[in-house]
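Take a look at the structure set out below.
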Amino acid sequence: MQLKTVSKWLVVIGAINWGLVGLLNINLVTLLFGSLPVVVTIVYALIGFAGAWGAYAMLTNKKKK
Numbered sequence: 002m003q004l005k006t007v008s009k010w011l012v013v014i015g016a017i018n019w020g021l022v023g024l025l026n027i028n029l030v031t032l033l034f035g036s037l038p039v040v041v042t043i044v045y046a047l048i049g050f051a052g053a054w055g056a057y058a059m060l061t062n063k064k065k066k
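Residues in the sequence shown are numbered consecutively from 2, following my numbering.
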C-alpha cells in the first residue's frame, strides 16, 4: 500500500472520529486504545501528519494543461 493511500485513509478515519465526537461524544481512538496512552498519542500524531501531508499535496498540486 502506498504512503498516499495510507495517508488518505488516516484522514478519513480521523474525520469519522471527530464526527462521532461532535455528534455522539464517542471517541473511537480512546475507546479502542484508552488503556494505552502512548498508542493514543501515536495514533493522533499519525492522523495529524496525514492531514498535514494531504494539505501540502492539495496546496502544491499543479494541474497539467
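Where is the CB? At the ideal position from N, CA and C, for every residue including glycine.
In the structure shown, what three-state DSSP assignment does residue i receive?
i, result
"S36", "coil"
"M59", "helix"
"I27", "coil"
Would you call the CB atoms of residue i and residue j closer than 8 angstroms?
i, j, result
"L29", "L21", "yes"
"G52", "V12", "yes"
"V41", "F50", "no"
"I48", "G15", "yes"
Pick from the options: whose alpha carbon is nearest that of residue i?
i, options, result
"L4", "T61, L60, W54, M59", "W54"
Expressed to the nearest angstrom, what Euclidean distance is found between the alpha-carbon atoms of residue i and residue j?
i, j, result
"K39", "T31", "According to the sequence shown, residue 39 is Val rather than Lys. So the two alpha carbons sit approximately 11 angstroms from each other."
"A27", "W10", "Note that residue 27 is Ile in the sequence shown, not Ala. Roughly 20 angstroms between the two C-alpha positions."
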